[in-house]
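Just below is one structure, and these are the notes that go with it.
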Amino acid sequence: MELLYNFFESNLGWGDYVYHRGFILFISLFFSILFLQSGLDKLFSFTSNLDYFKDHFKNTFFKKQVKFLLIVITFLECVTGFSFLYVLFEVLCLTSLGLLVNHYLIAIFLCLMTLSCLFLGQRIAQDYAGAVNLGIYYLIALLGLFLPVIFLEFL
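Note that this note's numbering has the sequence shown beginning at 159, numbered continuously upward.
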């Protein structure tokens with residue numbers, strides 16, 4: 159473990175903030191993959207996704223706004239995914255920790271907002287199993303929000 163720590167500290171120039179940057183790196187990698195895959199899939203397969211969501215929301219008050227809501231959620235997912243990708247590049251390019259954490263917190267708040275919108279849609283569509291699955295992502299995002307804040311408080 160010490161060998162790995164020394165590699166990141168010395169060779170990558172992460173200094174005393176190896177654990178902070180490592181945590182931000184993997185949370186950002188996770189959410190950039192999650193949101194970019196989902197958002198770009200919705201973008202490139204818009205018609206099939208629209209048909210699926212029309213059927214998914216056919217018994218709700220969203221049934222007439224499905225196309226607009228699909229555009230909004232696709233936009234949110236893509237913006238969130240690209241914001242985490244930007245943070246990922248900042249971690250690897252040794253951006254100062256203060257600037258990195260600011261951009262990371264913006265990405266986390268976008269993530270929580272996007273997940274809240276998805277969760278609301280699942281609950282309204284009465285897809286309770288889908289809503290439970292989103293709860294796992296929400297928990298990871300909350301951990302991603304609070305753990306760096308706790309770490310930075312002790313610096």
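Ideal placement from N, C-alpha and C gives every residue a C-beta, glycine not left out.
Supposed contact pair residue j and residue i - C-beta distance, whole angstroms, cut 8 Å
| i | j | result |
| --- | --- | --- |
| Leu246 | Leu183 | 7 Å |
| Cys236 | Leu270 | 16 Å between Cβ atoms; not a contact. |
| Ile282 | Phe220 | 6 Å |
C-beta atoms of residue i and residue j nearer than 8 Å
| i | j | result |
| --- | --- | --- |
| Leu194 | Leu227 | no |
| Thr238 | Ala265 | yes |
| Val249 | Ser186 | yes |
| Ala289 | Phe304 | no |
| Leu300 | Cys275 | no |
| Tyr296 | Leu268 | no |
Rounded separation between residue i and residue j - CA only
| i | j | result |
| --- | --- | --- |
| Asn169 | Leu292 | Unreliable placement is indicated for Asn169, whose pLDDT of 49 sits below 50; the coordinate value is still reported in the next sentence. When rounded, the distance between both Cα atoms is 38 Å. |
| Phe188 | Ile298 | 10 Å |
| Ser196 | His214 | 17 Å |
| Gly279 | Ser241 | 23 Å |
| His178 | Ile308 | 10 Å |
| Pro306 | Leu252 | 17 Å |
| Gly180 | Leu198 | 26 Å |
| Leu192 | Ile229 | 18 Å |
| Trp216 | Tyr286 | Note that residue 216 is Lys in the sequence shown, not Trp. The alpha-carbon atoms of Lys216 and Tyr286 are separated by roughly 16 Å. |
| Gln284 | Thr218 | 9 Å |
* Meets three-Cβ-pair contact criterion under 8 Å: the segment 259 to 266 and the segment 209 to 226 -> As far as the Cβ criterion goes, the segment 259 to 266 does not touch the segment 209 to 226, which means the pair count is below three.
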